[in-house]
Amino acid sequence: MFDLRDLYQQVIVDHNKSPRNFGKLAGADRVAEGYNPLCGDRLKVYLRIGSDDSIEDVSFEGEGCAISMASASLMTEAIKGQPIDRFTDLLRDFQHMVTSDLAETPDERRMGKLAVLAGVREFPSRIKCATLCWHTMKAAVEGDRAVAKTE
Ligand code: ZN
């Protein structure tokens with residue numbers, strides 16, 4: 024469907040078919056929901072913050088296009104067990120990557136597997152599909168426990 028490089032496409036297909044960290048997270052203390060009306064992607068992310076301000080555990084649920092699901096799956100893999108500061112850095116780097124000029128090569132050493140999503144730059148309408156999970160996770164990270172309990 025997308026003219027991405029083969030390897031990139033394989034990773035996206037794989038993560039869409041078998042998303043990692045998919046499902047409700049038991050003991051989550053933060054929850055946030057996101058919606059991308061342009062495509063119809065819906066996500067709910069669950070988060071448990073450790074006492075050392077790390078992302079102790081994370082999961083997501085939802086339905087949407089292959090890009091949105093693969094992006095959420097890859098994001099949870101990338102941030103699980105990481106300090107919140109690392110999430111903030113990756114969010115910034117990810118946003119830069121998917122909106123940067125096509126001539127700019129993604130920094131795979133920095134981005135790891137997330138670099139496969141650089142291909143969305145060629146499809147501007149898909150950028151929101153790829154960034155939805157990051158915005159939703161940001162809301163969860165910044166939300167306080169009192170708010171999350173209303174879920
Ligand atoms: Zn989408």
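The number in our numbering is simply the position in the sequence shown, starting from 1, with 23 added.
Glycine residues also receive a C-beta, built at the ideal position from the N, C-alpha and C atoms.
Taking the C-alpha atoms as reference points, what is the distance between residue i and residue j?
| i | j | result |
| --- | --- | --- |
| Cys156 | Ser74 | 24 Å |
| Thr159 | Lys67 | 8 Å |
| Leu97 | Ala51 | 19 Å |
| Ala153 | Ile35 | 11 Å |
| Pro129 | Asn44 | 25 Å |
| Gly104 | Ala163 | 16 Å |
| Asp29 | Ile107 | 32 Å |
| Met134 | Gly142 | 13 Å |
| Asp76 | Ala49 | 19 Å |
What are the boundary residues of the beta strand (DSSP E) that includes residue i?
| i | result |
| --- | --- |
| Lys67 | 64-72 |
| Asp80 | 78-86 |
CB residue i to CB residue j, shorter than 8 Å?
| i | j | result |
| --- | --- | --- |
| Ile150 | Thr111 | no |
| Asn59 | Ala93 | no |
| Glu84 | Arg71 | no |
| Glu145 | Leu125 | yes |
With 16 as the cutoff for other CB atoms within 10 Å, does residue i come out buried or exposed?
| i | result |
| --- | --- |
| Phe64 | First, the amino acid is wrong: residue 64 is Asp here, not Phe. Classification for Asp64: buried. |
| Asp41 | Here residue 41 turns out to be Ser, not Asp, going by the sequence shown. Looking at its Cβ environment, which holds fewer than 16 other Cβ atoms inside 10 Å, Ser41 is exposed. |
| Glu174 | Model confidence at Glu174 stands at a pLDDT of 33, short of 50, so the residue's coordinates are unreliable; what they give is reported in the following sentence. Counting Cβ neighbours within 10 Å, Glu174 comes out exposed, since fewer than 16 surround it. |
I'd like the span of the alpha helix (DSSP H) that includes residue i, first residue to last.
| i | result |
| --- | --- |
| Val54 | Unbroken run through Val54 is the beta strand (DSSP E), 53-59; no alpha helix (DSSP H). |
| Ala162 | 150-165 |
| Thr111 | 107-122 |
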